[in-house]
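Engineer: Before we start, here is the structure in question, set down as structure tokens.
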Amino acid sequence: MKIAVGSDHAGYELKVRLLDQIRALGHEVIDFGSYNPDPVDFPDIAKLVCKSILSGESERGIMFCGTGVGAAIACNKVKGIRASVCHDIHSAHQSVEHDDVNVMALGHQIVGHVVAMELIELFLNARFSTDPDFRRRVEKLGRLEEEF
């Protein structure tokens, strides 16, 4: 799978630490920055990650920031993107299985690299359910984007 990754300065260290491990799982990584720990605005990086997913260049995205919250908010502003902060095992896979989440947001100030890698692996291995209830709900999410 091709994975778009991005970080702000607060998530830079975690992202860099995990890139090779993500590749070792067999995934191709496209890194949209930040490329150093200097301050950067996370919405700018989130925009690049989301654009990669929507264009089909990448299948999923992972954003790293301090808490994951700002990155998830930025990604969710983009039509067609469903992002979730995932700091626990259940939400890492369930967000994909039930809500077809395509961007995971992780906070370096919240989770360490070992837990983050476990969460990433669960996220990337998860598949959207074929259950009609979950499909219907995700379709309604898409319609909400059209209504406002």
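Taken in order, the sequence shown gives residues 188 to 335; the numbers are from the working numbering.
Quick reminder that beta carbons are idealized off the backbone N, C-alpha and C, glycines included.
Measure from the alpha carbon of Ile240 to the alpha carbon of each residue in Lys189, Leu205, Ile209, then state which is nearest.
Structural biologist: What you label residue 240 is simply residue 53 of the sequence shown in a count that begins at 1. Ile240 has its Cα closest to that of Lys189, out of Lys189, Leu205, Ile209.
Engineer: Under 8 angstroms, with one C-beta from each stretch per pair, do the segment 292-306 and the segment 263-278 reach the 3-pair mark?
Structural biologist: yes
Engineer: Whose CA, out of Asn263, His295, Ser194, lies closest to the CA of Asp225?
Structural biologist: Here residue 225 refers to the residue found at position 38 of the sequence shown. Nearest of Asn263, His295, Ser194 to Asp225, Cα basis: Ser194.
Engineer: Who are Cys252's beta bridge partners in DSSP?
Structural biologist: On the sequence shown, position 65 is the one that residue 252 refers to. DSSP output for Cys252 lists Gly294 as bridge partner(s).
Engineer: Please list the terminal residues of the continuous alpha helix (DSSP H) segment that includes Ser349.
Structural biologist: In the structure as shown, the chain begins at 188 and stops at 335. Residue 349 is therefore absent and cannot be evaluated.
Engineer: Would you give the residue range spanned by the alpha helix (DSSP H) that Lys327 belongs to?
Structural biologist: In the sequence shown, residue 327 corresponds to position 140, counting from 1. From DSSP, the alpha helix (DSSP H) with Lys327 extends over 319-334.
Engineer: Go ahead and pull the three-state DSSP assignment for Ser278.
Structural biologist: Within the sequence shown, numbered from 1, the residue matching residue 278 stands at position 91. In this structure, Ser278 counts as helix in the three-state DSSP scheme.
Engineer: If you follow the beta strand (DSSP E) that Val301 is in, where does it begin and where does it stop?
Structural biologist: On the sequence shown, position 114 is the one that residue 301 refers to. Careful: Val301 lies outside any beta strand (DSSP E), inside the alpha helix (DSSP H) at 300-312.
Engineer: Name, in chain order, the residues that DSSP records as bridge partners for Ile190.
Structural biologist: Locating residue 190 in the sequence shown gives position 3, where the first residue counts as 1. Ile190 pairs with Val216, Arg247.
Engineer: Please report the residue range of the alpha helix (DSSP H) in which Val203 lies.
Structural biologist: By one-based count along the sequence shown, residue 203 stands at place 16. Element bounds for Val203: 196-211.
Engineer: Can you give me the Cβ contacts of Val216 inside the same chain, cut-off strictly under 7 angstroms, excluding the 5 residues immediately before and after it?
Structural biologist: By 1-based counting over the sequence shown, the position of residue 216 is 29. For Val216, where only same-chain residues beyond five positions count, the Cβ hits under 7 angstroms are Ile190, Val192, Leu206, Ile209, Arg210.
Engineer: Look up Val283 in the DSSP assignment and say whether it is helix, strand or coil.
Structural biologist: Residue numbering aside, residue 283 sits at position 96 when the sequence shown is read from its first letter. Residue state, collapsed to three classes: helix.
Engineer: Does Leu331 pass the burial test, meaning 16 or more other C-beta atoms within 10 Å, or should it be called exposed?
Structural biologist: The residue you call residue 331 lines up with position 144 of the sequence shown. Label assigned to Leu331: exposed.
Engineer: Report buried or exposed for Leu293, applying the criterion of at least 16 other Cβ atoms within 10 angstroms of its Cβ.
Structural biologist: Here residue 293 is taken as the residue at index 106 of the sequence shown, counted from 1. Under this definition Leu293 is a buried residue.
Engineer: Taking Cβ to Cβ, would you say His295 is nearer than 8 angstroms to Phe251?
Structural biologist: What you label residue 295 is simply residue 108 of the sequence shown in a count that begins at 1. What you label residue 251 is simply residue 64 of the sequence shown in a count that begins at 1. Cβ distance < 8 angstroms, so His295 and Phe251 count as in contact.
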